[in-house]
Amino acid sequence: MEQPSPATSEPTHGPIPSAVPTATAGRRDFLRNAIIGASVLSSMRAAFAGHALPIVQSAAPAPSGGAVAASGSTVPGTIRLAHLTDIHVQPELGAEAGMASAFNHAQSMKPDLIITGGDAVMDVFEAKRARAEQLRAIFQGTLKRECGVPVHHVTGNHDILGWNRKKSESTGSEADWGKRFACDLFGVARNYYTFDHGPWRFICLDSVQPKDDRYTAYLDDAQYEWLQQTLAATPKSMPIAVVSHIPILSLTALTYGAPRSREHVGTDTVIYHGEMHTDATLLHDLFKQAGNVKVCLSGHVHLLDHCMIDGISYICDGAVCGSWWKGSVEGIPEGYGVLDLRPDGTFTHRYERYGWQARK
Ligand SMILES: [Zn+2]
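Its first residue numbered 3, the sequence shown is counted upward by one per residue in the working numbering.
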């Protein structure tokens, strides 16, 4: 059984800085610009290390029963969501124990529900059959053993089987090829869907669409129509949280994924199509019209940011795996998001470390 090593394989999006993306090239094509990127990255690391978004590591389980308001009182009806994204579980680097540790830590926060934000496994996009089945068994086994609260899943690019036909040696005609594998992995009939928990409606989206033997980020026509209908059918009094794997809007697409070379100065700002939704403006307009979309959560970039515009917060949480289990990414440690979602649509968010030490 051939097992590609994550140390040398960078099949799709990955947190290892690889310098300058373009709108049409893959990450491997950017390596020629690595020297230019290095100096920019080192200054960015310094900036991220001192950023002001809340990163915490709770010493003791937080109290259950809802969020603590600014006044110090608990808001009745608040639900707590743990957002664990980019787990990238694998047999190497103690990742199975890392996933267990993250779930245990998250559950000590007494969440009402958990959402995994995609890239649950490392990686089936390029992996051969035996490796893909091994990763599925590790993810499903660990989840079954370690997760005792309601859990929902979002599909990431790394969860899609065989879209790189050449490397995966797949034909595309296998019964579980592509997103079918992800649906089976997560036990869902379709990988975009909606559900309600307490006073909130959750809309889980599928960001990942095929582009040659790689991927790009948008909602296909059927999903876009479904999203329009779902928003229209949701009472305006009901706050909505949207969860996608790839950020719909994110500053990280500029600080991490955008081109970094002098040749782009004086031209349009380019955001790599695999780092942020290419239909971001369309989706934001939809959310703005709906009026009750309060927060859009994502992962994929393994970095942390929070953009707020038109009353909608776009939050990208860091990764459970950090840099594919080799430590932090540009100052963002291994962790997950904790959101206390109040009935009135307001919420708090923090990024919680769970104390994982990379086994390099
Ligand atoms: Zn991803």
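All C-beta atoms, glycine included, are put in the ideal place defined by N, C-alpha and C.
The three-state secondary structure of D342, taken from DSSP, is strand.
Our two residues, P93 and I140, have alpha carbons roughly 8 Å apart in a direct line.
In the DSSP assignment, Y217 forms a beta bridge with P212. Here DSSP, grouped into helix, strand and coil, assigns C149 to coil.
Boundaries for D114: no beta strand (DSSP E) harbours it, and the DSSP string shows neither H nor E there. DSSP places F204 in the strand class (E or B) of the three-state scheme. Contact between R355 and V58 holds, since their C-beta atoms are separated by about 7 Å, short of 8 Å. A residue is called buried when at least 16 other Cβ atoms come within 10 angstroms of its Cβ; F183 meets this threshold and is buried. Proximity of the segment 155-164 to the segment 188-208 meets the contact definition, three or more beta-carbon pairs being nearer than 8 Å. Rounded to the nearest whole angstrom, the CA to CA distance from G200 to K290 is 23 Å. L115 has its alpha-carbon roughly 17 Å from the corresponding atom of Q142. Taking 9 Å as the cut-off, the Cβ atoms of V156 and T87 count as close. Under the DSSP assignment, L86 falls in the beta strand (DSSP E) whose first and last residues are 81-86.
Within the segment 262-312, the runs of alpha helix (DSSP H) at least 4 residues long that lie entirely inside it are, in chain order, 282-292. In the three-state DSSP reduction, D186 falls in the helix class (H, G or I).
When secondary structure is reduced to three states using DSSP, G158 falls in the coil class, being assigned neither helix nor strand.
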